[in-house]
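Inspection log for the structure reproduced underneath, given as structure tokens.
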Amino acid sequence: MLSTILDIILDALLDSAKMLPFLYLTFLLMEFIEHHAADKLALALEKAGHSNIGGAAVGAALGCVPQCGFSIAASNLFSSRIIGAGTLMAVFISTSDEAIPILLAHPDQISSLWKLIAAKFIIAIIAGALFGILIKFFVKEPDDAEFDQICTTCGCGNHSIWLSAFHHTLEIFVFILIVNLIMNSIMEFAGQDNVSAFLNGIGFLQPFASALVGLIPNCAASVIITELYASGSISFGTAVGGLCTGAGVGLAVLFKTNKNLKENIIFLVYLYFIGVLSGSVLNLFC
Numbered sequence: 011m012l013s014t015i016l017d018i019i020l021d022a023l024l025d026s027a028k029m030l031p032f033l034y035l036t037f038l039l040m041e042f043i044e045h046h047a048a049d050k051l052a053l054a055l056e057k058a059g060h061s062n063i064g065g066a067a068v069g070a071a072l073g074c075v076p077q078c079g080f081s082i083a084a085s086n087l088f089s090s091r092i093i094g095a096g097t098l099m100a101v102f103i104s105t106s107d108e109a110i111p112i113l114l115a116h117p118d119q120i121s122s123l124w125k126l127i128a129a130k131f132i133i134a135i136i137a138g139a140l141f142g143i144l145i146k147f148f149v150k151e152p153d154d155a156e157f158d159q160i161c162t163t164c165g166c167g168n169h170s171i172w173l174s175a176f177h178h179t180l181e182i183f184v185f186i187l188i189v190n191l192i193m194n195s196i197m198e199f200a201g202q203d204n205v206s207a208f209l210n211g212i213g214f215l216q217p218f219a220s221a222l223v224g225l226i227p228n229c230a231a232s233v234i235i236t237e238l239y240a241s242g243s244i245s246f247g248t249a250v251g252g253l254c255t256g257a258g259v260g261l262a263v264l265f266k267t268n269k270n271l272k273e274n275i276i277f278l279v280y281l282y283f284i285g286v287l288s289g290s291v292l293n294l295f296c
């Protein structure tokens, strides 16, 4: 029992530590924009980040990089209004966490890997651009891009940007570590085999279940879905649907850093809807 607990803690520490470089560089960028960037640079970043199609395309492309830390970085950038909602949604959808390295480890699945990346990339652009338009009907956009949002309460504006970025990195790192500890504990004691058996036994409802599993804020979700697909237990569409919602810890970080709860819930519901819809449609043709 003690060894199991130690393994859970160690895995959580390793999973969280891998994200530290992305976190620190993101907050360093945000601090630089706040403290040193000229107004034209800030406006240029805002315009690029809030462009529906362009922002979604950039977000979809960057999200294809097999590193879950990028969804966390994007959540922080969105919370400070440097990028738009459509860009963040595209990142969430295209992010694949562990799916790419797992499929690369299966030589017989290389063709499926490229199909998966292409499908998620296309879905991310379309769904992200559409989300950037639709969310404006439900959530009022702030009048200005508040680049100083991350420093309104901590008083870190009195320090250097290096120290301020470190302060914010440490704060989010602790949050991510707690999430990983909780999720690793659940997966260890509930059993990944039970989750796999559940997905494998529900037939045409698989996209609904896989999209739900994908929302688990831990890379274990993408591992389960990808391994089930590689073993032939679930269809390609079901795998895509689950991996479209698999934004890793990024969604959890959004709920922490973005104070607009209504906006966060809209993100969650829309992401699940896109996962189910894309999985169901692909199952009709693949």
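Convert by adding 10 to the 1-based position in the sequence shown; the result is the number in the numbering used here.
Glycine included, C-beta positions come from ideal geometry on N, C-alpha and C.
Treat the numbers as computed from the prediction; the structure is a model and nothing was measured.
Within 7 Å, strictly: CB atoms of residue i and residue j
i: N274; j: F283; result: no
i: M40; j: S89; result: no
i: E108; j: C229; result: yes
i: I127; j: F42; result: no
i: I18; j: N194; result: yes
i: I133; j: I110; result: no
i: T255; j: N86; result: no
i: G94; j: G142; result: yes
i: A84; j: L187; result: no
i: L38; j: I182; result: no
i: G79; j: M29; result: yes
i: I212; j: A221; result: no
i: T14; j: I112; result: no
i: I244; j: Q216; result: yes
i: T36; j: A257; result: no
i: F148; j: I276; result: yes
Where the alpha helix (DSSP H) containing residue i begins and where it ends
i: P117; result: No alpha helix (DSSP H) holds P117; DSSP gives it neither H nor E.
i: A22; result: L12 to A27
i: K328; result: No information on residue 328 is available, as it lies outside the stretch 11 to 296 that the chain covers here.
i: I244; result: Where I244 is concerned, there is no enclosing alpha helix (DSSP H), given that its DSSP letter is neither H nor E.
i: V291; result: L271 to F295
i: F80; result: G79 to S89
i: T102; result: According to the sequence as given, residue 102 is Phe; it is not Thr. Run containing F102: A95 to S104, per the alpha helix (DSSP H) assignment.
i: G256; result: That residue, G256, is in no alpha helix (DSSP H); it is neither H nor E in DSSP.
i: V68; result: N62 to G73
On the three-pair Cβ rule with 8 Å, is the stretch 286-293 touching the stretch 241-259? yes
Segments assigned alpha helix (DSSP H), at least 4 residues, entirely inside the stretch 186-230: Scanning the stretch 186-230 for uninterrupted alpha helix (DSSP H) segments of 4 residues or longer gives 202-210 and 216-224, listed from N- to C-terminal end.
Counting Cβ pairs, one atom from each stretch, are 3 or more of them under 8 Å apart for the stretch 108-117 and the stretch 62-70? no
Stretch pair the stretch 171-181 + the stretch 97-105: three plus CB contacts closer than 8 Å: No: the two stretches stay apart, fewer than three of their Cβ pairs being nearer than 8 Å.
Under 8 Å: do the stretch 180-194 and the stretch 209-228 share three or more Cβ pairs, one atom per stretch? Yes: the two stretches touch, three or more of their Cβ pairs being nearer than 8 Å.
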